[in-house]
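Chain order of the listed sequences is A, B and C. Heads up: the first sequence runs through residues 423 to 724, numbered per this note's numbering. Heads up: the second sequence runs through residues 5 to 299, numbered per this note's numbering. Heads up: the third sequence runs through residues 379 to 636, numbered per this note's numbering. Beta carbons are placed, not taken as given, at the ideal position from N, Cα and C, and that holds for glycine. Step one of this worksheet: look at the structure below.
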Amino acid sequence: MLEFFASNYALNLLILICIYVILSVSLNLIIGYSGMLNLGHAAFFGIGAYASALLALAGYPYWICFIAAVFFAGLGGAMIAYPSLKLRGDYLAIATLGFGEIARAVMKNWVSLTRGPLGLPGIPKISFFGLTLTTKFQFFIFALIIAILVVLFVSKIVKSPFGRVLRAIREDEIAAQAIGKNIKKYKVIVVITGAACAGIAGSLFAHHITFIDPTTFTLMETILIVCMVVLGGVASIRGSVIGATILVLLPEPLRFLGLPTSMAAALRVMIYAALLILLMIYKPNGIFGEWRFRHAKSKEAL
Amino acid sequence: MGIAAQLIINGIIAGGIYALVALGYTMVYGILRFINFAHGEVFMLGAYLGWVFNILLGVNVIVAGVLAMLGCAVAGFVIDKIAYKPLRGRGMLPPLITAIGISLFLQALAILIFGAQIRTFRTGEVVRGITIPFIDAIITKIQIVIIIVSVALMVALHFYIKYTKTGKAMRAVADNYEVASIVGINPNKVISYVFIIGSALAAAGGILVGMEQNLTPTMGVSIGIKSFTAAVVGGIGNIYGAVLGGFMIGLIENIGIWFIPSGYKDAIAFAVLLFFLLFKPTGIFGVKKGEEVSV
Amino acid sequence: MLKVKKLYKHFGGVKAVDGCSFEVEKGAIVALIGPNGAGKTTVFNLITGFIEPDKGKVLLYNKDITGMAPYRISKEGVSRTFQIIRLFPKMTVLENMMLSMQNVYENFWLSMLPLKQKKLHEAKMVNDALELLKFVDLEGKKNALAGNLSYGQQKLLEMAKALASEPELLLLDEPASGVNPTMLKKITNLLKELKKKGKTILFVEHNMDFVMKIADKVVVMDGGEEIAEGPPKKIQKNKRVLDAYLGKVIKIKRRKKK
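So this is what it looks like as structure tokens:
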């Protein structure tokens with residue numbers, strides 16, 4: 423048993439779970455607490471990964487790479503903050519999707535920076551204060567600590583007075599404005615914070631896989647994260663943790679069927695897609711969700 | 005003259021396809037206020053069905069096209085009944101997420117059934133270009149067919165919407181769902197018709213594109229988003245807007261690659277989409293609806 | 379203290395508010411009445427910033443607050459309730475109250491820091507909230523979800539919430555509608571008490587008994603503009619006011635015949 427958890431296979435899975443926990447918790451912050459269905463989350467993940475990888479390849483120490491990942495992903499969040507104030511519901515979803523695809527087009531076409539479709543190989547191992555994470559186990563511990571910190575951070579946001587206002591805004595934007603809450607400011611902060619957290623996941627991912635290219639940060643990736651959020655329950659932090667864990671592990675048995683790679687990948691997508699549809703129809707609250715998607719209508723009768 | 009004319013011709017050809025697919029988006033949105041994300045995959049399904057009938061079963065290409073349109077009409081009908089209908093009245097996002105699920109499901113299904121190999125209708129004869137006199141641009145026979153068929157279908161839709169009973173019912177439901185149901189129109193029936201017609205048009209687009217390019221399981225994704233953009237640009241819910249928007253997007257992206265690197269060709273549509281969503285969400289022909297605050 | 383000057387707001391062809399002007403004096407209870415569709419709620423929405431006027435001005439203590447964002451107008455000291463009750467139904471009564479109060483710790487960074495003053499402030503807010511809840515007889519319900527209260531209790535909570543921000547001016551949209559006689563009495567007493575405390579109140583109401591009993595001044599609107607203004611007794615006999623109400627009835631009848 424212990425041997426299994428120490429194997430590279432298990433450690434890889436555990437590290438991926440940590441990364442996806444960060445992604446789903448941060449996306450849940452955005453979906454559950456600002457009410458926007460963000461279909462560009464993979465872009466923030468990618469921006470963080472590229473920022474961290476590029477600086478590491480240029481020889482900067484890891485803590486700078488990490489901060490850069492947070493900063494640039496947060497900057498990406500700021501870019502969709504404006505549409506998130508102006509648009510709502512499905513229009514906002516499609517606008518964030520557009521943002522994600524444009525970001526990916528930039529990753530693919532800014533060859534002088536990102537090497538385009540060739541990707542960035544040989545991303546160095548994480549090291550800070552003279553300590554280098556050489557083994558998978560060490561990396562896992564690091565990823566676990568970061569994931570726990572992010573989860574605590576997001577839980578703290580939600581439980582604080584700031585989070586109380588967020589819940590109020592989610593329930594009734596008009597009433598929140600009437601009692602003096604600047605709902606735009608709150609939404610912008612939430613979107614930027616969520617994006618910045620996704621950047622952290624990107625940094626971990628880049629240094630874990632040691633190779634990144636634009637094909638990782640597609641709409642499919644965002645959908646996978648949305649699946650995790652919906653499965654666990656919108657606006658439930660522990661739900662996102664569970665959702666991410668389940669969905670990282672779910673397709674693993676497929677490996678043992680011995681299918682060709684392309685078939686296995688398609689089957690994986692099919693499982694996620696079917697799960698998403700069934701969840702929406704039969705269990706839209708997810709496992710822990712306290713609340714279904716808000717009906718996006720703040721323009722309704724006053 | 006040559007290059008500019010060629011880009012315009014290319015834009016018109018692509019635009020015809022976008023318009024056909026955009027009609028499905030706009031008709032569904034007009035009635036249900038819902039982006040049918042899986043519409044691009046119906047387009048892809050149409051292309052593959054056409055290929056199955058024509059290449060695998062050896063049916064005449066026109067008959068294969070009609071059969072593929074029928075097949076997609078059924079698929080559209082079934083998708084609506086199984087996945088979307090249970091979610092009506094549950095807000096905006098659940099049906100959108102379900103539609104994304106359907107879209108990915110169909111893509112994966114196509115990969116499993118048809119594999120990653122390139123499938124093609126292509127024969128040497130139809131792709132050979134003809135030089136159009138005076139403007140020095142090249143067009144292939146199949147491209148001429150694309151323009152003729154897509155325009156013919158749009159005209160047919162116009163007469164259908166304008167003069168048949170179902171067409172009128174569609175306009176009534178799109179205009180005011182509640183009132184239409186009060187005067188005895190069955191909205192569910194109208195919605196089914198909208199999915200059937202929209203899917204058949206998308207299938208036609210799929211076959212036309214498939215005859216010119218290779219078939220891939222993901223071919224519906226970018227067409228889908230561009231056609232949706234076309235619907236938004238024209239004013240979503242307005243079928244004439246969708247046609248105009250389709251041709252505009254075709255022209256914008258084909259002329260656009262003159263100015264920016266061609267790698268960004270797909271991003272052009274997204275940029276146009278973002279621009280319209282942010283600054284002119286009602287599109288060119290769109291009317292403001294539900295904006296007034298009721299007192 | 380509140381001056382509404384020549385406000386205009388048209389929705390397409392509908393002239394919801396069409397040159398409306400009136401004034402609310404400090405410490406007064408002013409009723410805004412008029413037939414359905416006279417534009418009363420729209421005036422409320424224009425004052426509180428939820429709708430921007432096409433033309434005209436809203437002055438609070440001679441400060442121009444026209445077209446300010448609703449949250450800023452709230453911070454200027456204008457509090458409101460809604461015709462259709464707007465609470466945070468899945469939050470507790472206490473949370474609903476605390477949200478209305480001034481709280482610097484709602485700032486993102488401050489709320490993340492483990493500050494001692496934050497705890498003290500929370501405790502103080504709970505105290506103040508309980509006091510206000512006592513005032514409206516909802517103290518016993520502090521941990522109930524707002525959505526689980528009865529209709530009348532929700533109305534009281536909405537009022538208490540509006541008071542919690544310590545407003546200068548209180549705007550109530552139909553405070554007496556749909557409540558039973560006991561609750562109505564309660565609300566009447568509540569408003570009288572608020573007046574004693576020196577609060578200024580502007581309210582929209584259709585219940586004329588209630589209006590006559592409580593208002594110091596009545597402003598009558600019809601067709602988007604004010605047609606009369608004065609003490610309740612005088613307004614009752616005003617010919618234009620009577621015409622406005624009766625005229626509407628006739629118009630509606632005619633439309634029905636068609």
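| query | Taking 8 angstroms as the CB-CB limit, is M31(B) close to chain A? | reply | no
| request: Starting from the beta carbon of I611(A), find every residue of chain C whose beta carbon is closer than 9 angstroms, and list them in chain order. | output: F486
| In whole angstroms, what is the alpha-carbon distance linking I388(A) and G80(B)? | With chain A running from 423 to 724 in the structure shown, residue 388(A) is simply not present.
| CA-CA distance, Q614(C) and G412(C)? | 12 angstroms
| request: Less than 8 angstroms between the CB atoms is what I'm expecting for G254(B) and I16(B), so what's the real figure, rounded? | output: 6 angstroms
| Which residues, in chain order, does the region 432 to 443 of chain C contribute to contact with chain A at a C-beta distance below 7 angstroms? | none
| Is V656(A) helix, strand or coil by DSSP? | coil
| query | Going along the chain, which residues of its own chain have a beta-carbon closer than 7 angstroms to the beta-carbon of Y386(C), five neighbours each way excluded? | reply | V395, D396, G397, P431, D432, K433, G434
| request: Kindly list, in the order they appear in chain A, the residues whose Cβ is closer than 9 angstroms to that of F400(C). | output: Chain A residues near F400(C): none, gap ~20 angstroms exceeds 9 angstroms.
| said: Whole angstroms are fine: how far does the CA of K418(C) sit from the CA of G602(C)? | reply: 8 angstroms
| message | Using beta carbons (cut-off 8 angstroms, strictly below), is P610(C) in contact with chain A? | response | no
| task | Flag this pair as touching only if the region 689 to 706 of chain A and the region 594 to 612 of chain A have three or more C-beta atom pairs under 8 angstroms; answer yes or no. | result | no
| request: Could you spell out the range, first to last residue, of the beta strand (DSSP E) harbouring M599(C)? | output: 595 to 600
| message | Since L547(C) and L380(C) should fall inside the 8 angstroms C-beta cutoff, what is the C-beta to C-beta distance between them, to a whole number of angstroms? | response | 6 angstroms
| said: Residues of chain B with CB closer than 8 angstroms to the CB of E523(A), please, in chain order. | reply: I229, D270, A271, F274
| task | Answer yes or no: does any C-beta atom of chain B fall closer than 8 angstroms to that of H717(A)? | result | For H717(A), the predicted structure reports a pLDDT of 42, less than 50, and the residue's modelled location is therefore unreliable. A value from the coordinates is still provided. H717(A) counts as touching chain B.
| message | Can you list, in chain order, the residues of its chain with a C-beta nearer than 6 angstroms to that of A723(A)? Leave out the 5 residues immediately preceding and following it. | response | Residue confidence is low: A723(A) scores 40 on pLDDT, short of 50, so the model does not pin down where it sits. Its coordinate-derived value is still stated next. Answer for A723(A): no residue qualifies.
| query | Name the chain B residues that come within less than 7 angstroms of Y377(A), Cβ to Cβ? | reply | An answer regarding residue 377(A) cannot be provided, because it is not within the stretch 423 to 724 covered by chain A.
| Element boundaries [beta strand (DSSP E), containing F389(C)] | 380 to 389
| Short CB-CB distance (under 8 angstroms) between V481(C) and chain A | First, the amino acid is wrong: residue 481(C) is Asn here, not Val. So, interface residue.
| Given that I253(B) touches chain A, what residues does it touch there, using C-beta distances under 9 angstroms? | What I253(B) touches in chain A: nothing, since even the nearest Cβ is about 13 angstroms away.
| Once you ignore the five residues that flank L424(C) on each side, which residues in its own chain have a CB closer than 7 angstroms to its CB? | L385, K387, V395, P431, V436
| query | According to the Cβ coordinates, are I189(B) and A208(B) closer than 8 angstroms? | reply | no
| said: I'd like to know if V109(B) contacts chain A, where contact means its C-beta is closer than 8 angstroms to some C-beta of that chain. | reply: Position check: residue 109(B) holds Phe in this sequence, whereas Val was assumed. Yes - at least one Cβ of chain A is within 8 angstroms of the one on F109(B).
| request: Run down chain B in chain order and give the residues with a C-beta less than 7 angstroms from the C-beta of G520(A). | output: F274, L277, L278
| Limits of the alpha helix (DSSP H) - the one that R592(A) falls within | 583 to 593
| said: Is it buried or exposed, Y529(C), if we count other Cβ atoms within 10 angstroms and call 16 or more buried? | reply: exposed
| Hey, is N707(A)'s beta-carbon within less than 8 angstroms of any beta-carbon in chain C? | no
| message | Suppose only complete runs of 3+ residues qualify. What are the beta strand (DSSP E) ranges in the region 436 to 507 of chain C, listed by chain order? | response | 456 to 458
| Out of curiosity, what's the CA-to-CA distance linking T644(A) and L438(A)? | 15 angstroms
| query | Are any of the Cβ atoms in chain A nearer than 8 angstroms to that of T220(B)? | reply | no
| task | Could you spell out the range, first to last residue, of the beta strand (DSSP E) harbouring T632(A)? | result | Note, T632(A): premise wrong, no beta strand (DSSP E); not H, not E.
| task | List in chain order: all unbroken alpha helix (DSSP H) runs of 4+ residues lying wholly within the region 146 to 208 of chain B. | result | 169 to 179, 181 to 186
| message | If distances are taken between C-alpha atoms only, which option among F486(C), L410(C), A538(C) comes closest to V576(A)? | response | F486(C)
| field | Contact between the region 225 to 236 of chain B and the region 10 to 28 of chain B (3+ Cβ pairs under 8 angstroms) | value | yes
| request: Within 10 angstroms of the Cβ of L441(A), are there 16 or more other Cβ atoms? Answer buried if so, exposed if not. | output: In the sequence as displayed, the identity of residue 441(A) is Ile instead of Leu. It counts as buried.
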